[in-house]
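Undergrad: Protein chains in written order, with the numbering used here: chain A, 60 to 391; chain B, 60 to 391; chain C, 60 to 391; chain D, 60 to 391.
If you scroll down you'll find the structure; I have some questions about it.
Number of protein chains: 4
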Amino acid sequence: MLEFCLVGGGFIGPLHAANIAAHPGARLAWVVDLDVAVAGALATKHGARATANLDAALADPAVGAVMICTPPRTHAAIIERAARAGKAVFCEKPVDLDMSRVDACAKVLESTGAPFFVAFNRRFDPSHRALFEAIRGGEIGRPEMLVLSSRDPEISPPDYVAAMPYGIFYDTMIHDFDMVRWLLADEPVEVIARTACMLDAKDNPHRDPDTAMVMLRMAGGALVHVNSSFRAVYGYDQRIEAFGEKGMLISRNRQPTTLERYGADGIRQDGLLRFFIERYAESYARELDDFVRAIEEKRAPAIGLEDGRRALAIAEAAVASAKSGAAVALLR
Amino acid sequence: MLEFCLVGGGFIGPLHAANIAAHPGARLAWVVDLDVAVAGALATKHGARATANLDAALADPAVGAVMICTPPRTHAAIIERAARAGKAVFCEKPVDLDMSRVDACAKVLESTGAPFFVAFNRRFDPSHRALFEAIRGGEIGRPEMLVLSSRDPEISPPDYVAAMPYGIFYDTMIHDFDMVRWLLADEPVEVIARTACMLDAKDNPHRDPDTAMVMLRMAGGALVHVNSSFRAVYGYDQRIEAFGEKGMLISRNRQPTTLERYGADGIRQDGLLRFFIERYAESYARELDDFVRAIEEKRAPAIGLEDGRRALAIAEAAVASAKSGAAVALLR
Amino acid sequence: MLEFCLVGGGFIGPLHAANIAAHPGARLAWVVDLDVAVAGALATKHGARATANLDAALADPAVGAVMICTPPRTHAAIIERAARAGKAVFCEKPVDLDMSRVDACAKVLESTGAPFFVAFNRRFDPSHRALFEAIRGGEIGRPEMLVLSSRDPEISPPDYVAAMPYGIFYDTMIHDFDMVRWLLADEPVEVIARTACMLDAKDNPHRDPDTAMVMLRMAGGALVHVNSSFRAVYGYDQRIEAFGEKGMLISRNRQPTTLERYGADGIRQDGLLRFFIERYAESYARELDDFVRAIEEKRAPAIGLEDGRRALAIAEAAVASAKSGAAVALLR
Amino acid sequence: MLEFCLVGGGFIGPLHAANIAAHPGARLAWVVDLDVAVAGALATKHGARATANLDAALADPAVGAVMICTPPRTHAAIIERAARAGKAVFCEKPVDLDMSRVDACAKVLESTGAPFFVAFNRRFDPSHRALFEAIRGGEIGRPEMLVLSSRDPEISPPDYVAAMPYGIFYDTMIHDFDMVRWLLADEPVEVIARTACMLDAKDNPHRDPDTAMVMLRMAGGALVHVNSSFRAVYGYDQRIEAFGEKGMLISRNRQPTTLERYGADGIRQDGLLRFFIERYAESYARELDDFVRAIEEKRAPAIGLEDGRRALAIAEAAVASAKSGAAVALLR
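Here is the structure:
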């Protein structure tokens, strides 16, 4: 039984807490939050202890793993403290948005040997994973082109946008950049990005890019396209298409129901699931399961810090390309 | 080159005339219609001769085949005259609605040896035929259940309905009864039918059945369901589903375009094609081609008078069951 | 917080236990099973108490509801004991297969006033419910035809089949009969059924019907078709189609992933979900939630004993029709 | 009745000839081909006259329109001769691959006032056109992103490839570039292209690009992605996706049949139509109809020389970008 200390009881925290509680091999032991009331409510629901003091929880020898659900800028410090306390670390993406900070983190993880997992949850979506396995199984032969659509139904609140300029790359497409690397088992050597501000000033007062297209050229020669928008009014649009010498694979969207409505004016279906937590509900449960089993089996978790570092490097290159207009080369 | 005398220049006549004109191995030589103006217009368009006198056209030794597009009650007499004139006969369904008249026709065809084809065009629809070939190829093993939906967007005009009571069986489902026999290569031994009048008195003043369900039990044991309605507001709904020991086959509907429209209120597509001539355009061209090639190759056309007779017998049994409430046995 | 005593720790019991544990307004207090080891394992997992003695659990005043997951023949007696103990009752379908036993149960429930719910879970499937709501909302106007496909990937084990002859009606289609009543808000007045034995003697040694079609005529005039099979090799096939004066609604099947595979030989997708527990996972959680809220709000649970009785009556009529060949009338 | 002189009896010529013959307002009067036998065969089939001498046909005052189906490098000269002879001109794309030659052509057309149509047939595909009309009708509000997939099942023969290097832009994507301009009613201001050689040396001995991605930035701000390949083993893959402030439109692929095959290993459907003539059969008939009606109504044909010129300019920019690696600016 792997006992967890969950840090950060808001936003995604309760989801992870519920998944820990439901997992046969895991138990929620501590909830840590600066807001003790938040920590307490979540802890009570799942029979855990609550504290605002991370060190107190890390001092509990029963705790085997720390799950980090706090805001991104706090991740690196908590990773390092957890690693030094000898705990396995499950961290929401990103590790950090500052590459030097990520590198420092990497050194601590290396020296402590703490198992580390960065939660690019989409790798665990059943459809995306079936696509991955079909590529690995050789169904389409050598992959030649990859096309990803990654669109949110709405933009983040202004203060969130202000805190992370170019979030369309750092926060959204960073998932897609990880998917590209994982699906193709290859690294990009060139990044070209273009952005636009399509939303009204009311919805996007900081005029941060809300629409983007990126073209990647991979070391192995494959060409990749990613597009993103912050106003897909029809729902959370998440599609992956892989084209290769022997065929094509498409991981399509998901809808709340399968109902078809035939009327005099045509055929109607539900729009797409709107919220990422609903869309990727299975992914969150499966990534936890994979992490728990990795710790049990003493193997490295499936997605490591180097994966987080490389996805961030691609996002940085995309920002640089969008700003300068030039193609940006990436060293492998 | 097979030269045709087309009898009946209205309704479906111009469609068949155009298909003859477009066929590399066929030519339209004569158009016969009691209304000489109708005959003349169609003949001129395709470089044929026009007449109101069937005998004149049948006397032309260049004519190899007669295509009958007149109202159903005139079919049998024209079949017999054409057969006695030594012509191959392509006849729109049905042969006749009176079984004794069909039997008389059969004798003439037998004695003259004239090749005969009754145009159950749906057998030539690419999707239905692919389903047929999949069954024959053993894809679903032994067929166990068959489900057919056969719905029109509207009821026929009142005078047409008055002239053919229980047209839902005699005119519409007769196609499905033929499909059942063809797809399963088997004959029904029991017919159970139920009907309803769902349309308003305005649309269905004669209160003839406009909605029906039929259950058939086949000699080989398979169970069959057919349903029909005369007010499918969403279009001409034509589906076939075959279930067997190794799987299921579905011939789905067709739509005018492939456009998908994603909006805040869901996803919309076109409704179905609304007119049978549009829906079965390919079938009409393909049935003609098959007939022409049968004559060329001196083989029997694909659908003979016995097929017409048996489909009519099932329709008669359905009417009897709907009226009496009893299951009606059919001798093989 | 509604405290549950769950009776029957095998088969569907653990699923219901997990749903109770996950529900914010429910708690699992007791697990009762004749096999104490079974009861103990399930109780431990969810922090409940275990016993082989139903009376002991019923004596606990904290227990507000009894959930019955035992074999069907034991349902009625447990319902009565729970009702007499003043508990609300959540019972897996069917109430009983003997109508006089059901009637006796009804009297006890009436005299005790115990809230009662029979778990026709399909009413809570999101897609089926969206179809229901579309009918109620008038989207297709008056419903005229209903077509249900209800097929299992395999037949039950021989001893299970031996214990419940005509299980295709009593165990499988009884769900569909409930759906028909619920969707149309109407009762059948006539039932016609036909069956076949299509499976090999190896898989179906008792030669109990494994394939069936039923036609229902409703009091309001609508026509209904239901078909069922015990060897849908492609998965658990559960479709509902409602046709009416203004259109058609189809609740389609569900697949494990959304992956499409395009190759030189065509396009492939996953088959259907194979297990009813997986297919109807959401239904089980939602029916529990509805039950808990009904008790909280002191309203009658959504599906009562009369619903169970009427579905059983239709199944009985179907058996009678299949045996005799006649149409069987049902009094309203 | 518009009488046509068709120039070039091979390849696409017979298709256009048949469409002229089938059109109620058009007639095929002449077939011109350097190979008199080719001209003769096609002319005989449709009751036209044959010649190897273009001037002879152009001298016929009954001829109102010239349809050009010859190889691309001959288009410009024939356009000019036809225009000077006072005929309306229907020309297969492209006008020419040399921009100065296109410009010279434009002057002749301007001075003669001859109606001119360049056959970007995809604009007349029913699904693509429905997408166009949905954009124009405001269904998705302002278009923000456009994604086009344009893939052939195989590469052209080596000599064809040798004669037109970068044919993936000049011959294939030129259609997509025209679609982009038409759909968005806007012009690109920047073109970025990347290519790859993925085919074996056996299939692509000249190592001309067989795989490509292009990113366009439009004057109005919209971002566009186009991808192409010469080995879509699953068929001729032609999709358009338009994303805007109010939704998304997708023009999907077409399949030969609607058959679905459910088996123990999943669900299978037909692959895509494989040949562009089959895929775009309706487009060819509809573009002819539009041309004939334009001449009748004395309005300019729907797609003029300037459209051909601008599509070519985008293709040239794509080649330049692919070669240099730089983004290429386009003046409006």
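Just so it is clear, CB atoms sit at the ideal spot from N, CA and C, and this is done for glycine as well.
1) With a threshold of 9 Å between beta-carbons, can GLY306 of chain C be considered close to chain A, or not?
2) Compute the beta-carbon to beta-carbon distance between PHE183 of chain B and SER342 of chain B, rounded to the nearest angstrom, for a pair I have assumed lies under 8 Å.
3) Could you say which of D:VAL378, D:ARG86 and D:GLY84 lies nearest to ALA252 of chain D if we only look at CA atoms?
4) Under three-state DSSP, which class holds THR110 of chain D?
5) Contact defined as beta carbons within less than 8 Å: I believe ALA374 of chain C pairs with PHE236 of chain C. What is the distance between those atoms, to the nearest angstrom?
6) Look at the alpha carbon of ASP92 of chain D and the alpha carbon of GLU198 of chain A, and state the distance between them as a whole number of angstroms.
7) Tell me whether CYS61 of chain D sits in a helix, a strand or coil according to DSSP, three-state version.
8) Exposed or buried, which one is HIS134 of chain D when buried takes at least 16 other CB atoms within 10 Å?
9) Of all the CB atoms in chain D, is at least one closer than 9 Å to the CB of VAL387 of chain C?
10) Rounded C-beta distance between ILE233 of chain A and ARG290 of chain A? I'm assuming under 8 Å.
11) So which residues on chain D does VAL292 of chain C lean against when the C-beta distance must stay under 9 Å?
12) Check whether the Cβ of PRO202 of chain D lies closer than 9 Å to any Cβ atom in chain B.
13) Between ALA407 of chain A and the rest of its own chain, which residues show a CB-CB distance below 7 Å, the 5 nearest in sequence each way excluded?
14) Are LEU308 of chain B and TYR321 of chain D close, meaning C-beta to C-beta below 9 Å?
15) Going by C-alpha distance, which of A:ALA193, A:ALA222 and A:VAL206 is nearest LEU318 of chain C?
16) Between which two residues does the beta strand (DSSP E) carrying GLY123 of chain D extend?
17) Beta carbons nearer than 7 Å to chain D: which residues of the segment 252 to 276 of chain A have them?
18) When you compare the CB of LEU190 of chain B with every CB in chain D, is at least one pair closer than 9 Å?
19) Identify, in the order they occur along the chain, each residue of the same chain with its Cβ nearer than 8 Å to the Cβ of MET60 of chain D, setting aside the five sequence neighbours on each side.
20) Assign ARG320 of chain C to one of three DSSP states: helix, strand, or coil.
21) Report the partner residues of HIS284 of chain B according to the DSSP bridge assignment.
22) Starting from the beta carbon of GLY280 of chain B, find every residue of chain C whose beta carbon is closer than 8 Å, and list them in chain order.
23) For a test of the three-state rule: what should DSSP assign to GLU246 of chain A, helix, strand or coil?
24) In chain D, which residues lie less than 9 Å from ILE309 of chain B when you measure between Cβ atoms?
25) At least one CB of chain A closer than 9 Å to the CB of THR79 of chain B: is that the case?
26) Check whether the segment 149 to 158 of chain D touches the segment 113 to 131 of chain D, taking contact to mean three or more Cβ pairs, one atom from each stretch, closer than 8 Å.
27) Which residues in chain C sit within 8 Å of GLU355 of chain A, going by Cβ to Cβ distance?
28) Report the option in A:ARG352, A:GLY294, A:GLU300 and A:ASP245 whose CA atom is closest to the CA atom of LEU331 of chain A.
29) Under a Cβ-count criterion, where at least 16 other Cβ atoms within 10 Å of its own Cβ denotes burial, should ASN312 of chain D be classed as buried or exposed?
30) DSSP three-state label for GLU337 of chain B, please.
31) Can you give the Cα-Cα distance for GLU365 of chain D and TRP241 of chain D, rounded to whole angstroms?
32) Could you check whether LYS146 of chain C and ALA111 of chain C sit closer than 9 Å to each other, using their CB atoms as the reference points?
33) Mind checking which residues open and close the alpha helix (DSSP H) that includes VAL97 of chain B?
34) Please report the Cβ distance between HIS206 of chain D and VAL239 of chain D, rounded to the nearest whole angstrom; I am assuming they are in contact, meaning their Cβ atoms lie under 8 Å.
35) Report the three-state DSSP secondary structure of GLY325 of chain C (helix, strand or coil).
36) GLY72 of chain C to ALA144 of chain C, Cα distance in whole Å?
TA: Based on what the coordinates show:
1) yes
2) 4 Å
3) D:VAL378
4) strand
5) 6 Å
6) 46 Å
7) A small fix is needed here, since residue 61 of chain D is Leu in this sequence, not Cys. In the structure shown, LEU61 of chain D sits in a strand (DSSP, three-state: E or B).
8) buried
9) no
10) Contact flag wrong, Cβ pair sits at about 19 Å.
11) TYR321, GLY322 and ALA323
12) no
13) Since the first residue shown for chain A is 60 and the last is 391, residue 407 of chain A is missing from the structure and cannot be characterised.
14) yes
15) A:ALA193
16) 122 to 127
17) ARG253, ALA255, MET257, THR270, MET272, MET274 and ARG276
18) yes
19) GLY84, ALA85 and ARG86
20) strand
21) B:VAL206 and B:MET274
22) ALA255 and MET257
23) coil
24) THR317, LEU318, GLU319, ARG320 and TYR321
25) Reading off the sequence shown, one finds Ile at residue 79 of chain B, where the question assumed Thr. Not closer than 9 Å to any Cβ of chain A, the Cβ of ILE79 of chain B fails to qualify, so no.
26) yes
27) Those within 8 Å of GLU355 of chain A in chain C number zero; the least Cβ separation is about 19 Å.
28) A:GLY294
29) buried
30) helix
31) 12 Å
32) no
33) 95 to 105
34) The amino acid at residue 206 of chain D is misidentified as His; the sequence shows Val. The pair is not a contact, with the Cβ atoms about 11 Å apart (cut-off 8 Å).
35) strand
36) 21 Å
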